[in-house]
Amino acid sequence: MNTIVVVNQNSPDSCELGNHLNELRSIPPENTLRISWSGNPVSWSSEDFTNTLLNPVTTMLTARGLANQIDYVVLSMGIPFQTILNATNVNSTTSVLFYGLKTDGGTDLSVTNSFAASESVFRQARPASAPGISFLTTMITAESLASAKRIVNQGAASDNTLPLQPVLLGKTTDPARNIRHLMFDNTMFNARVLGKSSILRINSDDPSGQAGLFGYQTGLMRYQVSPGTFIPGAMADSLTSYGGVIFGPNDQTNLLAFIEAGAAGSYGTVAEPLADFEKFPNPQVYFYQARGFCMAECYYLGIARPYLGLTVAEPLAAPFALPGTGTWGSGLSNSLMTGNPPLTVNFSEHDATRPLTQIDLFVNGKFHITITNLLPRPNNILSVALNGYPISYTVPTNATISSIASNLTALINNPAATNSTKIRAFHWGDRIELQSIATNHSSFPFYTTDSSSLIQSGAVYRVQYLPASLPPRIIPNNPDSSGRYRMQMEIPTALNYVIQASTNLANWLPIFTNTTPGLLDFRDSDSTNYARRFYRIAGPVPDQPPRLSATTATNGATFRVRMESQAGQPAAILVSTNLLVWTPVGTNQAGGVIEWDDTNASSFPGRFYRAWLPPGPLPTLSATSNASQPTLIRVENPIQPYVVESSTNGTAWMGLITNFLFHEIQAAATTDTGGADICSTFLNFSRPTFATSEAHGMLEYKIPVNIPISTGAWIQLTITKTNGQVVILGLTNQIAGISATNIAAQLVAMVNANTYLQGSDGLTADDFSFNPSFATFYLRARSPGYQAAGIRVYAQRSGSLIIIPGDNSYLTQNLSDLQPRNHLYVTAGAHQISANFALDTTQLPDGCHELTAVAYEGSNVRTQTRTTIPVCISNSPLSATLTLLDLTNNAPAQATYHIQVSANTNNVSLTTLYSTGGAIGFAAKNQNATFDVIGTNLCAGLHPFYAIVETFSGQKYRTQTSWIRLQ
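Residue numbers (this note's numbering): 7 to 973.
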C-alpha cells in the first residue's frame, strides 16, 4: 500500500520486472508509474532526473491521491543509476530520491542522513536535509531480467522466516577497505542481546566457497562470490570505491556479484568515496534487520552519508518481521452495502512484545480513514528495576514511544541512579541501550524494597546464604532453536550437583556436574536423540563435616595430615597444642582432598589437628528509609545465592527476596494503568539479565612515519597481565634512517613471539598497516570480555622515536563493546483490538471494492498485519459490466485486445478503463464502450482490468475486476 514502482516504458524488461514485483508484493495497480527514458541506464543529468523521474513522481502522487501513504519507491531496471549535477557532482539516483542532490563538500552537513541510526518510523523522521519529499528508494536491476526477478523472489521469500543461518563480517588485509571492522563487535553484541540473529566475524580476503549465508560484509577491491551463497533476505556488500558502478567500465568488482550469488540487497558507491566508512552500510544494518525492519529501512538507517551510494534491493524484505492476525466480522465478505453499514475488524498481536497500535482502512489500495490509534495513555506508570534499583515514570500528555524512551533514558542517567546502579543508558528511537559501567564485574550491587515499611516502621534487615539443605529446583523451559531441551536450575551452594537423565525412570545416567552456585541455564544436547527423557538432580548430603585422617610421619619428624571435604565446600585444618587455642594452617577453597605436611611438629611435645568448615563472608547490607518511599535495601559482595529477610522484633524473620542471580545484572520492567482508563504503554527488556561481552579488548598504537629516527632511539613496552605478571619488551634502533614502518613491524613480531603472552591471559598484536602519516597496529587481549581487557601497557621511548599513546593504558579502547549490555523497548497499543466503525459508502462509487484493514505494530518497526475482503456497494440503480471480448489468460503481450464496458443507462458521461499503471483508456458519452488494450504497453505479467462509469448526474459505478496474465 505504501510503495510505488517506477518502470521505464521504453524497456520491456523494466515493465515486466515491475509487474513481477507488483504480483509478489500485492502492490495496487495504480501504484505503478510509467516514465519514458530512451538514454543509457548508466547516468543522466540532474535536469533529466527532475523532468523524467522526480516531477512525474510528485505529479502522480497528487493526481492519484497517494501523497499521504507512500514511503517506498522502487526503480525497475532500465533507469540510470548515476545522477550528475552540473556535469561534475555525481550522486546515486536512489539517494537523490531519498534526500535530494548533494554536492561533495566533504564536511557539508547536508550530506548527513539524520534518519541514520534513529531507529524511528520513517515518515516521522524523514531526513532533515531532504528538499520537501523523501522516499526510501531502491533500484532492482541486474545483468539480465532473470537475475533481476531473482532479487524480487529472494526478498519476498524471506518474509517472517526468522533465519538461523549466519551473517559473516569479514575483516580483510586491505587497510583502506577493512575500516568497518572496528564496528563489528557492537553489531554482534546487539544481535546477541536481541537473541534473533547469528552474526560472526571472520578474517578473510575471499568470499568465495561459502554457502547458506544470511549476509556478508567485506572490504575488497576485487573478489568472487560463489553461486548460491545466500539464502532469501540476505544483504551483502564490499567497501570499495566503485562497487556501485554496475554497468560500464570498472576495474573493481561491483555489487552485482553479490546479487548473482543470491543476495536480495546490496550497496555500492557510484563515485570515489575515499576511505569514509560513513558512506557505506554500518554493520548495524544486520541488527536493524533482526529487529524486524524491512530491507530499505535497514540500509537508510545504517548509512550516515548515502549520497554516493546505490542501493539495489527488494525493499520490503523483512525476514524477522512478525505480523499478527486479522479478520473481518462475520458475514462481511462479499456483502452488499448501502448507506453507513456498521463494520467490525479484529486484530491480535503476534506476541506480548508486539502490541498493535493503529488500524487504517484502505479502499482499493488507497488510504481512506484511520479506524483507531492507541497512543501512550497519559498517567500510565512505567517501572524499571535495574538489579532491583527502582525507577518509575509517569507518561505525560502527548507522549510518543520515542519521547518516553528519551525521558526514561534521562531518568536512568540521573546521577543518583547511575551512582547506585553503575548503569548508563543511550537512546535510540523506541530502544534504550543499557551498559554497565561497573569496574568490578564479579559483583554488582543488588537492591530490593520493603513495601511494608510504608505502613509499619522499625523493621530491621539481614542477609543469609541459602543452606545446603535447600533442595535445588528444576524449572522447565521451551526447547531452543536447535530442538534441544532447556531447563533452569536453582543451585543454592557451590557443592557438586549432578544432573541425571533417564528414559524409563529406573536407569539414571549422570550427564552434567555443576559446581557454580546460582541459576543454571542447561541445554541437553542429546535430548533430540530420544522420544522422551526424564531429569533429576542428585545433590550432596547437606551439612556433611570434613573428614580428617590419622596423621602419619614422613621424613622423620614431619607429620602429614589428610583432609577430605565435599567438592565445592571450603575447609580448613586447625592445629593446637592444648586443645583450647586453635590456629588455621591450611585451607582448601575448592573442597575435595588436601594433604598438608606439618614441618613444625617436632618443635612441640604434643600437637593436635582438626578439620573445620569456615563460614563464608556474608554480603554487606544497608537500608535507606524515606517517609514517602519503601525502604531501599542494598546488598553487595555475595559469593553465592542468598535471601534478604526482615523482622520487626529481631526474632521472627520473614523472607523478602531470594537472589539466585547474585553474580549477574538483573533487569525487570512493569507497566500499570495508573490514572488512565487503560494501559496502552509497555516496556520489555530483551533479556532478564545483562549479556556479557564476547569482544576482545584492544588498543591502537601509532608511530609517526615522517620523523627521522636516530640511531640509539628505543621503545619499551611494559605489559602487566591481569594476574600481576610483568612482561617487558623493547628494541633499540641500530640503523640510521630506518623507517617507522620497520620499527612497528619489529614490535609486532616481538609481541607475537613472546611465550609469556601466548596464553589466554596474554595479548596479540595485529592489524599492522601504514599510511603517509603513521604506522599502526593493535594490541588485543587473547580472551574476551572486560576483565581480560585489564592488561596494562606502559609504552616508553627515547630520542626521536615516538609511540602514541605513550603512557599507562589498558586494552579498553573499545570499552563500550566490553561492558555488559541490555536493551529496553517501549511499545504502545493493545494486545488485541476489536474495532467497530461505520463506513460511509455514499463517498465511494457503487459497485465492486476491496476493503483492506492494516494494523501496525506498536513499535518503531511498525510491522503491518493485513486483512482484505471484497464488498459491493449499491446506493443507486446504476450498474455496469466489463467483458473481455478476445482477451484470455496467458495471452501473448505482443498483441492488441478488446474490452467492452456496458452500463445500464444511456446517461453515461465518461467511462474509464484501468489496469496496471492507472487509466489506460477513456470513452465519453458511450453506454457500450469498447477499448483497445495494447499488450506491449502493459508487458508480460499479471494485470487487473476494471472500469469506472460516470453519469451526467454525478453517479459512479466500479465494475468487477478481471485478472489476466500476459506472456
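Ideal Cβ placement from N, Cα and C applies to all residues, glycine included.
Beta bridge counterpart(s) of residue i as assigned by DSSP
| i | result |
| --- | --- |
| Thr593 | Ala578 |
| Cys304 | Cys304 is not bridged to any residue. |
| Asn46 | None; Asn46 has no bridge partner. |
| His855 | Val877 |
| Leu476 | In the DSSP output, where bridge partners are listed per residue, Leu476 has none listed. |
| Ser775 | Thr782 |
| Gly332 | Phe353 |
| Asp456 | Thr637 |
| Lys727 | Per DSSP, none; premise fails for Lys727. |
| Phe691 | Leu830 |
| Arg437 | Trp434 and Tyr831 |
Pick from the options that is closest to residue i, judged by C-alpha positions
| i | options | result |
| --- | --- | --- |
| Asn606 | Ala578, Arg566 and Val641 | Arg566 |
| Glu320 | Ser448, Ala148, Val199 and Thr178 | Ala148 |
| Gly598 | Gly574, Thr583, Arg613 and Thr589 | Gly574 |
| Thr887 | Asn881, Pro898, Thr902 and Asn910 | Asn910 |
| Val799 | Thr118, Ile744, Thr509 and Thr726 | Thr726 |
| Ala1038 | Ser699, Tyr615 and Gly805 | For residue 1038 there is no data in the structure shown, the boundaries of the chain being 7 and 973. |
| Ser150 | Ser409, Asp19 and Thr118 | Asp19 |
| Val711 | Ala859, Ser779 and Thr100 | Ser779 |
| Phe128 | Leu142, Ser116, Pro172 and Thr331 | Leu142 |
| Thr894 | Leu884, Ile905 and Ser885 | Ile905 |
| Asp456 | Ile744, Pro551 and Leu662 | Leu662 |
| Ile157 | Pro233, Ala270, Trp50 and Cys854 | Ala270 |
| Ala935 | Cys300, Gly947 and Asn912 | Asn912 |
| His356 | Ala836, Thr942, Arg964 and Asp892 | Ala836 |
| Lys372 | Val860, Ser745 and Thr630 | Val860 |
| Asn510 | Arg40, Phe540, Asp486 and Asp527 | Phe540 |
| Ala925 | Asn932, Pro950 and Gln933 | Pro950 |
| Thr9 | Ser203, Ser354 and Asp77 | Asp77 |
| Leu307 | Trp602, Lys285, Pro62 and Ala391 | Lys285 |
| Thr695 | Thr679, His829, Ala746 and His702 | His829 |
| Ser822 | Asn370, Thr193 and Pro590 | Thr193 |
Under 8 Å between C-beta atoms of residue i and residue j
| i | j | result |
| --- | --- | --- |
| Phe121 | Pro137 | no |
| Phe452 | Phe610 | no |
| Leu388 | Met145 | no |
| Pro47 | Phe253 | yes |
| Pro482 | Thr499 | no |
| Ala781 | Ala750 | yes |
| Asp938 | Thr902 | yes |
| Ile639 | Ile709 | no |
| Gly791 | Ser699 | yes |
| Gly974 | Gln223 | Past the edges of the chain, shown from 7 to 973, lies residue 974, and the structure says nothing about it. |
| Arg2 | Leu525 | Since the first residue of the chain shown is 7 and the last is 973, residue 2 is not available in this structure. |
| Tyr503 | Pro478 | yes |
| Thr593 | Ala578 | yes |
Residue i versus residue j - alpha carbon distance
| i | j | result |
| --- | --- | --- |
| Thr521 | Phe688 | 38 Å |
| Gly112 | Asn95 | Reliability of the predicted coordinates at Gly112 is poor, the pLDDT of 47 falling under 50, and the value obtained from them is presented with this limitation in mind. Using only the alpha carbons, I get a separation of about 12 Å. |
| Ala416 | Ala682 | 23 Å |
| Ala978 | Arg360 | Lying before the first or after the last residue shown, residue 978 is absent from the chain, which here runs from 7 to 973. |
| Leu338 | Gly489 | 42 Å |
| Asp191 | Val832 | 25 Å |
| Ala163 | Gly221 | 15 Å |
| Asn484 | Met493 | 8 Å |
| Ala537 | Ile375 | 53 Å |
| Trp334 | Pro876 | 11 Å |
| Asn758 | Gln722 | 15 Å |
Original post:
Which ranges would you report for the alpha helix (DSSP H) in the stretch 488-574 if only whole runs of at least 4 residues count?
Top reply: The qualifying runs do not exist here; there are none.
**OP:** Note down, one range per segment and in chain order, each beta strand (DSSP E) of at least 3 residues found wholly within the stretch 351-424.
**Re:** With a minimum length of 3 residues, the continuous beta strand (DSSP E) runs that stay inside the stretch 351-424 are 362-369, 372-379, 387-392 and 395-400.
Original post:
At which residue ranges does the stretch 131-173 contain complete beta strand (DSSP E) runs of 3 or more residues, listed in the order of the chain?
Top reply: 142-146, all fully within the stretch 131-173.
Subject >> Uninterrupted alpha helix (DSSP H) stretches inside the stretch 925-964 (no shorter than 4 residues) >> reply: You should have 941-944.
Original post:
In chain order, which continuous runs of the alpha helix (DSSP H) of length 4 or greater are located wholly inside the stretch 777-826?
Top reply: Runs found: 821-824.
Subject >> 3 or more residues per run - each beta strand (DSSP E) lying fully within the stretch 176-204 >> reply: Unbroken beta strand (DSSP E) stretches of 3 residues or longer found wholly inside the stretch 176-204: none.
**OP:** Could you tell me which uninterrupted beta strand (DSSP E) segments, each at least 3 residues in length, are contained entirely in the stretch 13-79, listed from first to last along the chain?
**Re:** Within the stretch 13-79, the runs of beta strand (DSSP E) at least 3 residues long that lie entirely inside it are, in chain order, 38-41 and 49-51.
**OP:** Starting from the N-terminal side, write out each stretch of the beta strand (DSSP E) that is 3 residues or longer and does not extend beyond the stretch 227-257.
**Re:** If we require 3 residues or more, the beta strand (DSSP E) runs fully inside the stretch 227-257 come out as 236-244.
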